[in-house]
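Taking it in order: structure first as structure tokens, then the write-up.
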Amino acid sequence: RRPGGRAVPGTDFTAVAPNTEDAVVTAEGYEQGVVIRWGDPVVPGAPEFDFNNQTAAAQEQQFGYNNDFAELVPLDGSGKRNLLVVNHEYTTETHMFLGYDEENPTEEQVRIAWAAHGLSVVYTERERNGGLKVRPSHYNRRITLNTPFEMRGPAAGSDHLKTSADPTGTKVLGTQNNCAGSMTPWGTILSGEENFNQYFANADSITDPKAKERLARYGLKGATSNRKWERFDKRWDLAQEPNEANRFGWVIEIDPHDPNSTPIKHTALGRFKHEGAAVKVAEDGRVVAYSGDDERFDYIYKFVSNGKMKRGKSAHARRHNMTLLDDGTLYVAKFTGNSPESEIDGTGKLPSDGAFDGTGEWIPLASGNKSFVPGFTAEEVYIFTRLAADKVGATKMDRPEDIEPNPVNGRIYCALTNNSNRGSTGNAAPDEANPRVGNKHGHVLEIDDDATGTSLRWTLLLVCGDPNDAGTYFGGFDKSRVSPISCPDNVAFDRHGNLWISTDGNALKSNDGLFAVPVDGPERGFVKQFLTVPNGAETCGPVVRDDLVTVSVQHPGELDDASADNPASHWPDGGDSQPRPSVVAVWRKDGGEIGRR
Ligand code: FEO
Ligand code: CA
Ligand code: CA
Ligand code: CA
92 RRPGGRAVPG TDFTAVAPNT EDAVVTAEGY EQGVVIRWGD PVVPGAPEFD
142 FNNQTAAAQE QQFGYNNDFA ELVPLDGSGK RNLLVVNHEY TTETHMFLGY
192 DEENPTEEQV RIAWAAHGLS VVYTERERNG GLKVRPSHYN RRITLNTPFE
242 MRGPAAGSDH LKTSADPTGT KVLGTQNNCA GSMTPWGTIL SGEENFNQYF
292 ANADSITDPK AKERLARYGL KGATSNRKWE RFDKRWDLAQ EPNEANRFGW
342 VIEIDPHDPN STPIKHTALG RFKHEGAAVK VAEDGRVVAY SGDDERFDYI
392 YKFVSNGKMK RGKSAHARRH NMTLLDDGTL YVAKFTGNSP ESEIDGTGKL
442 PSDGAFDGTG EWIPLASGNK SFVPGFTAEE VYIFTRLAAD KVGATKMDRP
492 EDIEPNPVNG RIYCALTNNS NRGSTGNAAP DEANPRVGNK HGHVLEIDDD
542 ATGTSLRWTL LLVCGDPNDA GTYFGGFDKS RVSPISCPDN VAFDRHGNLW
592 ISTDGNALKS NDGLFAVPVD GPERGFVKQF LTVPNGAETC GPVVRDDLVT
642 VSVQHPGELD DASADNPASH WPDGGDSQPR PSVVAVWRKD GGEIGRR
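Counting with UniProt numbering, you get residues 92 to 688 for the letters of the sequence shown.
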């Protein structure tokens with residue numbers, strides 16, 4: 092039987108077959124267009140991209156590298172005018188520069204890399220043909236590693252955040268490794284600083300045992316860094332600026348409506364390798380922010396505000412709502428299975444009750460200046476959150492990536508991307524919430540949460556992989572009809588409440604893609620691939636609107652042995668061009684609704 096046929100609204104399309112094309116391949120009947128590429132002008136007056144003559148001054152004004160999270164922030168109700176906000180997660184210098192010498196980068200190359208990080212905001216209009224066009228606008232903005240941020244919340248000003256450049260511990264230059272994110276209900280953008288540790292040098296020089304333990308728990312290790320930034324700014328050298336690394340690993344918030352606004356780092360949401368953060372508004376108006384710490388055996392967190400959201404789109408309401416994430420309680424999740432441990436055999440075989448499921452609790456870590464963790468001040472909980480969470484018996488997960496509330500059914504969905512070490516010697520054994528040894532393909536967790544409370548119920552919606560593999564589960568749906576899916580990373584929802592999942596690192600020897608799956612009704616678990624991205628790329632930042640889908644295509648051609656001198660992809664420009672990370676829009680040829688025919 093062919094995948095496809097009649098489906099619930101939003102997912103009625105013919106699935107794209109797994110492939111290894113150097114192209115974006117969409118479902119039949121859909122059209123695509125590149126919206127913006129690495130190097131394209133962003134700020135008014137920015138120069139055109141010139142791969143062979145890059146400068147930091149140009150990159151400061153152009154679209155950054157490795158676009159991950161993307162969001163379309165509507166400027167009105169028409170759907171035609173949106174601000175496209177995009178994260179630039181990290182730089183891949185061997186792909187950015189011809190003849191790049193990893194041992195001896197030039198100062199200009201390093202400064203280009205600083206400017207290629209951060210975020211871009213660009214004003215877009217829908218085109219007559221259905222595509223999305225970037226237009227010059229006063230909204231257009233680059234945020235880079237040189238942009239001033241304000242640290243806010245209970246740990247702002249802490250001694251652990253002070254440096255020689257910032258004795259107040261409240262002003263940080265820039266953001267980096269911004270992975271996933273979300274739009275808040277008040278129209279701002281949240282974004283997670285993820286693998287920030289990789290840019291810091293000389294952790295080995297620190298000898299104080301407490302400091303060493305904290306560095307190690309965050310993966311800060313070694314002498315020189317891979318990118319050698321410490322040669323050009325001492326803030327990347329822990330031997331000279333031991334606190335600079337404490338100023339990364341936060342959830343940031345930016346107001347794309349005000350290009351002059353100072354972005355915020357919210358200390359109340361804790362410091363870890365935030366994949367992203369996403370907000371649900373509770374019935375009483377308080378807001379709940381969910382966030383995953385993307386590392387093998389790390390945790391899922393939530394933050395519950397004390398203040399209540401002001402409704403409406405006014406600048407006044409937005410200013411109030413931008414303080415909500417500074418005052419509240421931070422929790423970490425513990426998941427308990429309801430099947431006997433003996434039935435979790437590590438293969439992915441369902442227990443006798445027919446589900447990987449159970450209950451759970453949110454364990455409080457800190458609230459304002461009060462710590463709930465013995466041996467930790469509140470400030471230490473916020474800044475060394477991983478170590479605090481270790482103390483309270485949180486559940487070690489298989490790399491929690493994006494976690495977001497479903498706007499239709501209210502449940503929370505988290506992608507657990509994979510964990511090659513699950514069940515290996517010295518590591519945590521499989522449990523009902525992470526049921527496979529050496530989890531290669533990941534799974535998707537569904538949480539029914541008492542938003543402002545401390546109890547939850549959970550179930551695994553998907554145990555990913557090749558549906559022909561017995562150790563997979565597709566919400567109970569007929570596995571002969573679903574698309575293979577591996578390494579879920581980002582999640583999004585269409586207006587019908589269908590879950591859309593993008594993947595990173597497909598371990599089934601085909602390209603990454605974007606998938607749609609109903610989560611309620613008879614087709615719950617019917618996973619279908621909507622598009623695939625070029626070989627070596629990761630699919631991220633999906634946005635699904637009624638008549639438009641956008642995805643970020645990150646690091647096309649990033650394969651072993653590939654480099655600018657030996658490119659493995661020529662997407663999107665074709666010929667013998669260098670690959671460029673880009674955002675792509677997809678729409679129906681006949682202008683109709685996505686996933687409806
Ligand atoms: Fe940057 Fe967790 O992916
Ligand atoms: Ca069970
Ligand atoms: Ca990710
Ligand atoms: Ca990932």
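The beta carbon of each residue, even a glycine, is placed where N, CA and C say it ideally should be. Being a predicted model, the structure only gives us computed values, none of them experimental.
Inset, instruction - Flag this pair as yes or no: are the beta carbons of Glu368 and Leu281 separated by less than 7 Å? - result: The sequence as given places Ala at residue 368; Glu does not occur at that position. Yes, the Cβ-Cβ distance between Ala368 and Leu281 is below 7 Å.
Inset, instruction - Could you name the residues of the same chain whose beta carbon sits closer than 7 Å to that of Gly514, not counting the 5 residues immediately before and after it, in chain order? - result: Sequence-distant Cβ neighbours of Gly514 in its own chain, meaning closer than 7 Å and more than five residues away, are Gly437, Ala520, Pro521, Val528 and Gly529.
Inset, instruction - Using only the heavy atoms of ligand 2, determine whether one of them is closer than 6 Å to the beta carbon of Ala446. - result: Correct: Ala446 has its Cβ closer than 6 Å to ligand 2.
Inset, instruction - Grab me the residues of Gly101's own chain with a C-beta within less than 6 Å of its C-beta, minus the 5 sequence neighbours each way, in chain order. - result: Asp585, His587, Asn589 and Gly686
Legend entry - Which of helix, strand or coil DSSP assigns to Met274: strand
Legend entry - Chain-ordered list of residues that sit, by beta carbon, closer than 7 Å to a heavy atom of ligand 5: As for ligand 5, it is missing from this structure, which binds only ligand 1, ligand 2, ligand 3 and ligand 4.
Legend entry - Beta-carbon proximity check, Gly265 vs Leu236, cutoff 7 Å: yes
Inset, instruction - Please report how far the alpha carbon of Ile494 lies from the alpha carbon of Met274, in whole angstroms. - result: Looking at the backbone, the Cα of Ile494 and that of Met274 are separated by about 13 Å.
Legend entry - Nearest-angstrom Cβ-Cβ length linking Ala359 and Val423, presumed shorter than 8 Å: The C-beta separation of Ala359 from Val423 comes to about 14 Å, leaving the pair out of contact by the 8 Å criterion.
Legend entry - Spatial distance of Arg308 from Asp389 (CA atoms): 11 Å
Legend entry - residue 47 burial status per 10 Å Cβ neighbour count (16 or more: buried): As displayed, the chain neither begins before 92 nor continues past 688, which places residue 47 out of reach and without an answer.
Legend entry - Beta-carbon separation (whole angstroms), Trp341 vs Arg322, contact threshold 8 Å: About 26 Å separates the two Cβ atoms, so there is no contact after all.
Legend entry - Residues sharing a beta bridge with Glu216, DSSP: Arg172 and Lys224
Legend entry - Segment contact, 8 Å Cβ cut-off, at least three pairs: the region 293 to 307 with the region 454 to 468: no
Inset, instruction - Starting from the Cα of Gly567, find the closest Cα among Ile538, Lys600, Asp611 and Leu599 and give me that residue. - result: Asp611
Inset, instruction - Scan the region 421 to 474 and note each continuous beta strand (DSSP E) run of 3 residues or more that stays entirely inside, going in chain order. - result: Counting whole runs of 3 or more residues, the region 421 to 474 contains the beta strand (DSSP E) stretches 448 to 458.
Inset, instruction - Compare the beta carbon distance of Glu119 and Thr105 with 7 Å and say whether it is the shorter of the two. - result: In this structure, Thr105 lies closer than 7 Å to Glu119 by Cβ.
Legend entry - Helix, strand or coil at residue 689 [DSSP, three-state]: Any question about residue 689 goes unanswered here, given that the chain covers just 92 to 688.
Inset, instruction - Consult DSSP for Lys399 and reduce its assignment to one of helix, strand or coil. - result: strand
Legend entry - Host beta strand (DSSP E) of Asp159 (start-end): Asn158 to Pro165
Inset, instruction - List in chain order: all unbroken beta strand (DSSP E) runs of 3+ residues lying wholly within the region 342 to 383. - result: 342 to 345, 355 to 357, 369 to 372 and 377 to 383
Inset, instruction - Please confirm whether Glu629 and Asp652 have their CB atoms less than 7 Å apart. - result: no
Inset, instruction - Out of Trp678, Pro658, Trp662 and Gly666, state which residue places its alpha-carbon closest to the alpha-carbon of Gly190. - result: Cα-wise, what sits closest to Gly190 is Pro658.
Legend entry - Short Cβ contact (7 Å threshold) for Val125 with Val642: no
Inset, instruction - Would you mind stating whether Ser593 and Asn602 have Cβ atoms separated by less than 7 Å? - result: no
Inset, instruction - Provide the residue span of the alpha helix (DSSP H) that contains Gln150, from first to last. - result: Ala147 to Gln150
Inset, instruction - Assess, as a yes-or-no matter, whether the region 200 to 211 is touched by the region 221 to 229 under the definition of 3 or more beta carbon pairs within less than 8 Å. - result: no
Legend entry - Buried versus exposed, by CB contacts within 10 Å (16 or more), Arg93: Unreliable placement is indicated for Arg93, whose pLDDT of 39 sits below 50; the coordinate value is still reported in the next sentence. Classification for Arg93: exposed.
Legend entry - In DSSP terms, what Thr641 is bridged to: Val634 and Ala676
Legend entry - Met187, enclosing alpha helix (DSSP H) - first and last residue: For Met187, the enclosing alpha helix (DSSP H) starts and ends at Glu184 to Met187.
Legend entry - Segment contact, 8 Å Cβ cut-off, at least three pairs: the region 497 to 512 with the region 376 to 388: yes
Legend entry - Cβ pair Arg305, Phe154 closer than 7 Å: no
Inset, instruction - Grab the span of the beta strand (DSSP E) containing Asn559 for me, first residue to last. - result: Neither: Asn559 is in no beta strand (DSSP E) and is coded neither H nor E.
Inset, instruction - Count the other CB atoms, across all protein chains shown, that sit within 10 Å of the CB of Gly130; report buried if there are 16 or more and exposed otherwise. - result: buried
Legend entry - Same chain, Cβ closer than 7 Å to Asp681, neighbours up to 5 away in sequence not counted: none
Inset, instruction - Starting from the C-beta of Thr259, find all residues in its chain whose C-beta is less than 8 Å away, skip the five residues before and the five after it, and write them out in chain order. - result: Gly248 and Lys253
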